[in-house]
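In this note's numbering, the protein residues as written are 7 to 109.
What follows is one structure encoded as structure tokens, with my remarks underneath.
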């Protein structure tokens, strides 16, 4: 949830021309992460939970890719993305460990 808040704040810096591009993509991807974790947790089968955790990891990779692209296109300053990038790394580690522990 913290990462989602960070992305929403960060995407306010993107130009209006990206409102339906990177802004929308980043926001959807980052919201998908905690949403899939919660939905999977609410399912009654471990396999469903693992599947949703996998989707959450995929969404995390989308966020990382879109952040990198935003910097490469010079739409965001690299320094502005570092805190959220560090958070993506921590969340990725947590998801990986959770998936491993449930497998």
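Note that the Cβ used here is the ideal one computed from N, Cα and C, for glycine as well.
A distance of 9 Å or more separates the beta carbons of residue 7 and residue 69. Judged by DSSP in its simplified three-state form, residue 70 adopts helix.
Looking from the CA of residue 31, the closest CA among 58, 66, 43 belongs to 66. The beta carbon of residue 35 sits closer than 7 Å to those of 65, 68, 69, 72, all from its chain and outside the five residues before and after it, given in chain order. One thing to note: residue 13 has its Cβ no nearer than 9 Å to the Cβ of residue 101.
In terms of Cβ geometry, residue 24 and residue 81 form a close pair [threshold 9 Å].
Annotated three-state conformation of residue 51 is coil, per DSSP.
Closest by C-alpha distance to residue 27, out of 63, 75, 39, 15, is 75.
Counting C-beta atoms within 10 angstroms of its own C-beta, residue 63 has 16 or more neighbours from the protein chains shown and is therefore classed as buried.
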